[in-house]
RNA sequence: GCGGGAGUGGUGUAACGGCAGCCACGCCAGACUUAGGAUCUGGUGCCUUCGGGCGUGGGGGUUCGACUCCCCCCUCCCGCACCA
């Protein structure tokens with residue numbers, strides 16, 4: 001790292017360098033010229049089969065389609081560093097290769113522009129977030145253009161464009177306007193539900209009709225509420241993640257494991273609030289099952305599987321006074337071992353369960369030192385809600401809890417089970433209540449141990465098990481009553497038998513539960529999509545949500561004076577959200593005629609979360625200017641439709657960071673499935689193939705005091721690192737300002753040109769692999785391009801120096817081997833392989849023809865085409881100088897001829913006892929016997945074989961001979 | 001703790017179960033040079049008594065043959081984390 005990153009390479013004076021050498025200065029000139037030409041010629045305009053972007057389609061009608069896409073960037077003010085373009089270049093090389101190889105390629109780019117950083121900047125400066133955001137977009141757009149990417153710029157948009165978020169709102173209305181039909185396993189329009197309820201062919205789903213009176217007897221408002229409770233987008237009062245420091249609520253996915261906000265790292269508290277939710281849980285099974293049909297990495301699929309968290313087991317009801325506590329367990333087989341119960345602090349039955357007073361002789365450990373159960377429970381609940389997850393962690397997993405004073409009954413044996421409140425049971429999973437089986441559950445054992453509760457083993461632990469919960473297998477014990485015995489059974493059989501018994505008695509049922517929760521969809525922010533929802537101000541239906549009709553979209557984000565949500569002290573758990581839009585009083589109150597005459601309405605003042613815009617942007621690329629529909633179904637079928645029976649369809653290559661493994665990718669899949677169910681898209685999944693590009697990290701250096709010093713100023717000497725003469729420590733981490741190791745593509749383009757930068761980034765490893773950035777290694781890519789340039793162009797005159805001569809056979813072999821290897825590298829996203837094969841061919845040509853004799857045109861031209869996807873500007877320039885007057889972007893990619901991939905004679909290794917001892921040259925088609933004969937004839941081999949017994953000979957034609965001696 | 005991925009020269013990496021290290025950076029030497037962070041050519045895994053020996057995190061196994069397949073262990077990275 002001795003070379004400074006931001007210090008430009010000193011240009012040698014012109015007298016010393018041949019005038020037409022491929023220098024950084026020449027690269028700049030070539031690149032800017034070709035970027036202008038591509039733009040003015042519309043080289044990368046991709047024709048649609050129909051509609052306003054269909055011009056020129058007849059020329060590509062017979063081509064297969066290929067849709068390559070990047071996760072679009074959030075336009076932050078910092079711009080791009082050298083890590084960002086890795087994925088963009090990966091899709092760019094791929095799309096350029098596929099286009100040359102005969103596909104109709106769609107490679108668009110857009111901007112994910114709603115969100116917190118722009119809003120926070122706006123809060124600080126008072127400048128409208130749109131202004132900063134659009135400036136940032138312009139800056140990144142310029143950076144991308146300078147990299148030479150082949151995006152179809154007519155298809156670019158930002159999620160903040162009203163013409164775009166109009167359709168985000170429209171999709172929200174579709175989701176709001178539908179329900180999940182469990183029997184059909186899919187979403188259907190809500191009108192069909194109403195019709196079925198009216199006709200009496202369907203009953204309201206469980207839990208949607210609190211009055212429990214028949215549909216026919218319900219009032220209009222009651223019916224509205226029943227219907228609203230079915231919707232896929234619904235208002236719900238539930239404990240949410242309230243972040244006072246940000247002044248907004250967050251989805252589960254946005255809260256870190258230690259209970260803080262992913263953005264800003266503020267404490268997050270659980271508190272009940274009425275918020276918009278999306279019923280993603282209805283799709284849990286399909287989201288899970290369809291992972292098997294996707295070409296994604298196993299690790300990514302696993303992350304989604306774990307997030308969905310499906311587990312099968314049983315729901316069991318335990319009587320407790322006049323209540324029933326429902327629990328979920330994956331181990332109903334251990335029911336005989338239940339010795340107490342636990343409900344989560346937020347469990348709705350807690351108050352009803354809590355007894356009036358402690359019985360005499362209550363164990364002091366159970367009371368939390370309180371005089372009454374009510375006091376104990378209330379103190380414990382308050383503490384639990386205030387305790388951040390971080391505190392829970394630092395306190396270890398020490399079990400805490402108090403007894404409610406209540407006792408439930410184990411249905412298998414009538415045993416009395418004290419019911420505790422404890423925060424190791426989470427309201428968000430299962431039913432928020434458990435039966436505790438300390439004999440077979442580690443957590444229950446810890447709690448039982450601390451609170452002096454009995455342990456009953458129901459699975460025989462192995463010999464010598466020294467206590468604690470036994471969670472492994474073994475025969476059941478202690479598990480019999482008058483009606484049923486599980487003793488001696490193994491787990492699976494025991495689960496089946498006890499579940500059957502519970503079902504027969506109406507005390508339980510087999511069930512499946514998920515970790516996945518419904519998606520919290522409200523944010524108390526300014527810089528997001530307004531909801532297309534209003535609430536009547538007066539009348540008996542006041543406060544019920546009403547859809548703004550599609551004809552009134554978009555609901556424009558109003559101008560406000562103050563963009564900030566009301567934020568609170570970090571730890572003010574009792575604060576309540578106040579969205580910025582609630583202060584835009586002229587906007588919030590409207591008079592609308594929504595079918596029953598003009599009425600006064602109040603607008604929804606929450607906005608949608610940042611993920612909304614990124615849930616469907618791939619659909620909008622197909623024609624962002626279509627004002628009449630979200631997406632033309634014919635375009636969707638062409639670009640995303642299934643390729644055949646059983647295919648899920650979707651984007652052919654989607655490249656982005658693994659940080660979106662569960663958030664964006666799960667939400668987008670969910671929306672897509674809803675749109676599929678409602679008939680708007682033919683594909684079942686948005687992203688057929690997904691690749692997570694690796695990260696680029698860089699070295700960073702700290703001085704003796706531990707402060708970071710600018711990495712660019714550090715010099716290496718004999719393996720030690722120094723900054724201004726002082727020794728520094730080397731670390732390895734993220735590129736960025738904080739580690740003072742920022743390197744931008746602009747600096748690299750300035751020093752070497754975009755093509756060199758592209759080749760370097762692609763040469764450091766397969767796309768999905770993380771790698772270190774090393775500025776000093778970039779020069780190697782520059783040299784490669786220089787050598788290729790020299791194959792085609794005379795450095796002294798600038799004239800083409802190829803000849804119409806015939807290449808020799810060894811050159812043809814080198815060429816076709818390179819073609820085959822480069823194709824393989826491009827099609828498997830191992831661009832480093834492609835570059836190595838190009839380098840080999842270039843080295844071969846340099847050595848074969850030297851500086852004097854011209855390289856045959858029939859070899860130089862394919863070489864230029866091979867390089868084109870990686871280094872398109874220099875390739876176009878050479879192509880043009882070779883006399884072609886149209887862009888090579890659409891020229892056919894070279895194909896390897898089989899006959900040049902095989903040699904007439906091959907070098908075959910000869911092993912003796914598995915060790916290579918010699919080489920023999922044999923005809924490529926020599927059989928095993930010929931191979932052996934040739935090997936035996938070899939002098940060195942003969943020496944090894946002399947006087948030894950050959951026990952066995954392994955001869956693999958074309959590969960090797962192995963003599964196994966006795 | 002559970003789950004996943006990865007360990008190959010000084011560095012980034014490459015090798016259908018078949019000659020380990022392609023290609024590049026760096027380094028060394030040479031050419032051209034007043035000069036070289038330019039360019040070109042050659043060399044470069046380690047050890048060596050120059051015969052050869054040893055080498056893909058460690059240890060076993062399968063095989064004529066293992067970076068590759070199987071078992072155990074170590075290290076690093078990532079994800080989840082009281083999920084009943």
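Numbering (UniProt numbering), first residue to last: 1 to 966.
Glycine is no exception: its CB is placed at the ideal position from the N, C-alpha and C atoms.
Exposed unless 16 or more other CB atoms sit within 10 angstroms - verdict on residue i
i, result
"residue 617", "buried"
"residue 673", "buried"
"residue 465", "exposed"
"residue 607", "buried"
"residue 597", "exposed"
"residue 720", "exposed"
"residue 244", "buried"
"residue 54", "exposed"
"residue 943", "exposed"
"residue 692", "buried"
"residue 783", "exposed"
Alpha-carbon spacing of residue i relative to residue j, whole angstroms
i, j, result
"residue 914", "residue 760", "39 Å"
"residue 653", "residue 231", "33 Å"
"residue 902", "residue 847", "22 Å"
"residue 907", "residue 919", "6 Å"
"residue 254", "residue 656", "19 Å"
"residue 375", "residue 404", "10 Å"
"residue 1041", "residue 176", "The displayed coordinates of the chain run from 1 to 966. Any statement about residue 1041 would go beyond what the structure contains."
"residue 961", "residue 950", "13 Å"
"residue 559", "residue 591", "19 Å"
"residue 954", "residue 964", "8 Å"
"residue 268", "residue 482", "50 Å"
"residue 499", "residue 480", "14 Å"
"residue 394", "residue 256", "Confidence in residue 394 is poor, its pLDDT being 49 and thus under 50, which makes the residue's placement unreliable; the coordinate value appears in the next sentence. Cα to Cα, residue 394 sits roughly 15 Å from residue 256."
"residue 884", "residue 860", "13 Å"
"residue 966", "residue 912", "11 Å"
"residue 189", "residue 646", "25 Å"
"residue 667", "residue 660", "10 Å"
"residue 921", "residue 956", "14 Å"
"residue 767", "residue 897", "28 Å"
"residue 509", "residue 325", "14 Å"
"residue 172", "residue 601", "19 Å"
"residue 423", "residue 443", "12 Å"
"residue 221", "residue 209", "12 Å"
Residues that residue i bridges to, as DSSP identifies them
i, result
"residue 65", "104"
"residue 44", "According to DSSP, residue 44 bridges with nothing at all."
"residue 498", "DSSP, once it has assigned bridges, lists no residue as partnering residue 498."
"residue 272", "239"
"residue 723", "714 and 726"
"residue 508", "316"
"residue 915", "912"
"residue 70", "655"
"residue 186", "181"
Expected contact under 8 Å - CB spacing of residue i and residue j to nearest Å
i, j, result
"residue 516", "residue 281", "6 Å"
"residue 96", "residue 889", "7 Å"
"residue 995", "residue 311", "This structure does not reach residue 995, given that the chain is present from 1 up to 966, and the question cannot be answered."
"residue 610", "residue 72", "Going by Cβ atoms, the distance from residue 610 to residue 72 rounds to 12 Å, so no, they are not a contact pair."
"residue 838", "residue 866", "6 Å"
"residue 373", "residue 357", "7 Å"
"residue 745", "residue 806", "Not a contact, Cβ separation roughly 42 Å."
"residue 614", "residue 123", "Going by Cβ atoms, the distance from residue 614 to residue 123 rounds to 23 Å, so no, they are not a contact pair."
"residue 869", "residue 249", "Actually they do not touch by this definition, with Cβ atoms about 46 Å apart."
The ligand FAD heavy atom lying under 6 Å from the CB of residue i
i, result
"residue 566", "In terms of ligand content, the structure shown is empty, and the ligand FAD therefore cannot be addressed."
Taking only runs of the alpha helix (DSSP H) that begin and end inside the region 424-471, which ones reach a length of at least 4 residues, in chain order?
-> 442-451
Enumerated in chain order, which unbroken segments of the alpha helix (DSSP H) with a length of 4 residues or greater are wholly contained in the region 570-649?
-> Whole alpha helix (DSSP H) segments, 4+ residues: 585-588, 611-614, 617-620 and 633-640.
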